[in-house]
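> Handing you a structure now.
Residue numbers (our numbering): 22 to 254.
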């Protein structure tokens, strides 16, 4: 992870009033403090990005802006472009054998989901995914143990269930606990936890599309469909 001091050092040549900008950024809540600061095609407007997403700051350091800015010439989301530059992955490198694979309809679209079964946002996302068709969903069970101490054990029990996908859904959607697994069951959850460090997945759900673009959290259905279809990404 790039520290704030590194981020601020990297932006020195970008801003006219660096002292004021530094003070402004240092005063931001932790969830808004950037790892990366990027120029944009818009004069005097910069993107501040961390793993949660991107916001904007003007060159004076006075104005902080949230939301999307679309370049109408190519329909690119400028904030998303800068975010993905730092946080996208190569999805072909994901070990899909470590995921619960669900094929819906023709399965031609692809989504990769890292989810904690005890995460309320992951449970909400699962409900939205029930409405998505013609897709192959690879769900990598994991656990944010500092928030949900039982999540890794629950993930292991789900994986070792007779019907893991059904067990995953009924737990997330209905709260039906899976049976205790046999200790001889071979499961990849510990490997998934190692993988989350490699890909810097420390918030759930974290979702990747076929391009390897990342979003964190629970998008609305329409936004999720756009993300899956790579629209404006």
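Cβ atoms here follow ideal geometry from the backbone N, Cα and C, with glycine treated the same way.
Leaving out five residues on either side along the sequence, give the residues of the same chain with a beta carbon under 7 Å from the beta carbon of residue 135.
On the chain shown, position 114 is the one that residue 135 refers to. So the list reads 161, 163, 217, 222, 225, 226 and 227, once near-sequence residues are dropped.
> Specify the secondary structure class of residue 22 as computed by DSSP and reduced to three states.
In the chain shown, the residue the question calls residue 22 occupies position 1. Because the pLDDT of residue 22 is 34, which lies under 50, any placement of that residue in the model is unreliable, and the number read from its coordinates should be weighed accordingly. Coil.
> Tell me the residue span of the alpha helix (DSSP H) that contains residue 245.
Within the chain shown, numbered from 1, the residue matching residue 245 stands at position 224. Element bounds for residue 245: 242-249.
> Measuring only the C-alpha atoms, how far is residue 76 from residue 57?
Numbered from its first residue, the chain shown carries residue 76 at position 55. Numbered from its first residue, the chain shown carries residue 57 at position 36. Their backbone Cα atoms lie some 11 Å apart in a straight line.
> Quick check: what's the CA-CA separation for residue 42 versus residue 85?
Your numbering for residue 42 matches position 21 in the chain shown. Your numbering for residue 85 matches position 64 in the chain shown. C-alpha separation (whole angstroms): 11 Å.
> Counting Cβ pairs, one atom from each stretch, are 3 or more of them under 8 Å apart for the stretch 139-148 and the stretch 166-173?
Contact holds: three or more Cβ-Cβ distances are below 8 Å.
> So the beta strand (DSSP E) residue 60 belongs to, where does it begin and stop?
Here residue 60 is taken as the residue at index 39 of the chain shown, counted from 1. First-last of the beta strand (DSSP E) with residue 60: 57-60.
> Judging by CA-CA distance, which residue of 210, 248, 69 and 55 is the nearest neighbour of residue 173?
Along the chain shown, read from residue 1 onward, the residue named residue 173 stands at position 152. Residue 173 has its Cα closest to that of 210, out of 210, 248, 69 and 55.
> What does DSSP give as the partner residue(s) for residue 92 in the beta ladder?
Taking the first residue of the chain shown as position 1, residue 92 is located at position 71. Answer is 97.
> For residue 28, count the other beta carbons within 10 Å of its own beta carbon; 16 or more makes it buried, fewer makes it exposed. Which is it?
Taking the chain shown and counting its residues from 1, one reaches residue 28 at position 7. Caution applies to residue 28, whose pLDDT of 46 falls short of 50 and renders its modelled position unreliable; the value that the coordinates give is listed next. Buried, by the Cβ-count rule.
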